[in-house]
Every structure is written in C-alpha cells, then in structure tokens.
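Following: one structure in structure tokens, then a few remarks.
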Amino acid sequence: MIMRNWNLILLLISIVTITSALVAEYFYGLQPCDLCLKQRHPYYVFIILSVLIFYIPNFYKFFIYLLVQLGAIYGIFYSLWHVGVENQLLKGPSGCSSGLSITSDTAELKQQIFSKQVISCDEVIWSFFGISAASLNSIVLLFIFIINALYIYLNYAKK
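Plus 29 on top of the position in the sequence shown (first one is 1) and you've got our numbering.
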C-alpha cells in the first residue's frame, strides 16, 4: 500500500511536518534556529514535487523522484548536523550561537547584538520522550529516503 500511494504519503508527511513546525513556531512561540529552518526546505520542495507529479508525463516522474532523493539527502545532512550540535559533538554554523565576542567598542557590540540570532542551535527547545525535534526529523527524512529509494528501484530499475 505504501508503494502504490507513495506520492500521496510523501505529500501527507511533508504537510504534517511543515504544519507541525509552523504551529510550534507561531502558536507556541518555539522559535527555530538557523539549522531548524534549513531542515524545513526539503519538505517545501517535497510538497511542490508531489503536486507537480500529478501533472507531468510518466517519463519525467523518475526525475521527480530523484529530486526527492536529493532533497532527503540535503535534509538528512542538516538534521544530523543539528543533532550533533545539540549533543556538543559538532560545531554549528557561525550564526547559530548565542554567545557574543568580547569587545571594548560599544558600536561593535551593538552590531553583534543585532546581527546574532537569538536562538542557539545547541539548545534543545522541544523534545518528545527525550528525543529532540532534530532527531525526529532525522528519522522522518531517513524513512522518506529509504521508501523513495525502494519506490525508484521497484518502479524504474527494471525498465
């Protein structure tokens, strides 16, 4: 059943994931960090591709599913990086730290305050049974990657 309806399942997973993130942000005040925002990109692309696939010829659908694979890889990269940053195993991007550099110049300090992101990537702002949102996102994207790879193999490898 999953393979037969993979496009609709991908669309549903993407809509639920993005909706959950936006509800958490706008209704519960959980502000995302830079890595959180980058992890949303694949889901936006998946929604567009899932809708687009209904309107293109069968020949081009293979390329759409390859784009889904690339999007999943992109998302897995950022979500695993975020998990590593949360567990202090990896260093986050430069705009992903809440710390300020020591300076004696007030103009430079003011510039740092206004240019720094308020939310730090190494802080877990939400978790479910001790599993952070970045970890859950890694699991969801890995699921998408594996099922999409199986879908490509089963539907296009023999042709």
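For each residue, glycine too, the CB sits at the ideal point set by N, CA and C.
**Closest residue to Leu-203 among Ala-50, Phe-75, Leu-59 and His-70 (Cα-Cα distance)** = Lying before the first or after the last residue shown, residue 203 is absent from the chain, which here runs from 30 to 188.
**Asked** Curious, which full-length alpha helix (DSSP H) runs of at least 4 residues does the region 55 to 141 contain?
**Response** Considered as a whole, the region 55 to 141 harbours 63 to 81 and 87 to 115 as its complete alpha helix (DSSP H) runs of no fewer than 4 residues, in chain order.
**Prompt:** By a C-beta neighbour count over all protein chains shown, 10 Å radius and 16 as the cutoff for buried, is Ser-123 buried or exposed?
**Reply:** Along the sequence shown, one-based indexing puts residue 123 at 94. Its Cβ having fewer than 16 others within 10 Å, Ser-123 is exposed.
**Val-205, buried or exposed, once every other Cβ within 10 Å from all chains shown has been counted against 16** = An answer regarding residue 205 cannot be provided, because it is not within the stretch 30 to 188 covered by the chain.
**Ser-108 classed as buried or exposed, judged by whether at least 16 other C-beta atoms fall within 10 angstroms** = The residue you call residue 108 lines up with position 79 of the sequence shown. Here Ser-108 is buried. Its C-beta has 16 or more other C-beta atoms within 10 Å.
**Asked** Is Met-32 closer than 9 Å to Leu-170 when the C-beta atoms are compared?
**Response** Position 141 of the sequence shown, counted from the first residue, corresponds to residue 170. Position 3 of the sequence shown, counted from the first residue, corresponds to residue 32. The criterion of a C-beta distance shorter than 9 Å is not satisfied by Leu-170 and Met-32.
**Prompt:** Hey, Val-112 and Ala-163 are a contact pair by Cβ (cut 8 Å); roughly how many whole angstroms apart?
**Reply:** Along the sequence shown, one-based indexing puts residue 112 at 83. Along the sequence shown, one-based indexing puts residue 163 at 134. About 5 Å; that satisfies the 8 Å criterion.
**Request:** Using three-state DSSP, classify Ile-168 as helix, strand or coil.
**Result:** Taking the first residue of the sequence shown as 1, we reach residue 168 at position 139. Residue state, collapsed to three classes: helix.
**Asked** Roughly how many angstroms separate the alpha carbons of Val-153 and Val-97, rounded to a whole number?
**Response** Along the sequence shown, read from residue 1 onward, the residue named residue 153 stands at position 124. Along the sequence shown, read from residue 1 onward, the residue named residue 97 stands at position 68. Using only the alpha carbons, I get a separation of about 28 Å.
**Asked** Using the beta-carbon count (16 or more within 10 Å), is Leu-39 buried or exposed?
**Response** Translated into positions along the sequence shown, residue 39 becomes position 10. Buried.
**Message:** Out of Trp-155, Asn-184 and Tyr-103, which one is the CA nearest neighbour of Phe-174?
**Reply:** Here residue 174 refers to the residue found at position 145 when the sequence shown is read from its first residue. In terms of Cα proximity to Phe-174, the closest of Trp-155, Asn-184 and Tyr-103 is Tyr-103.
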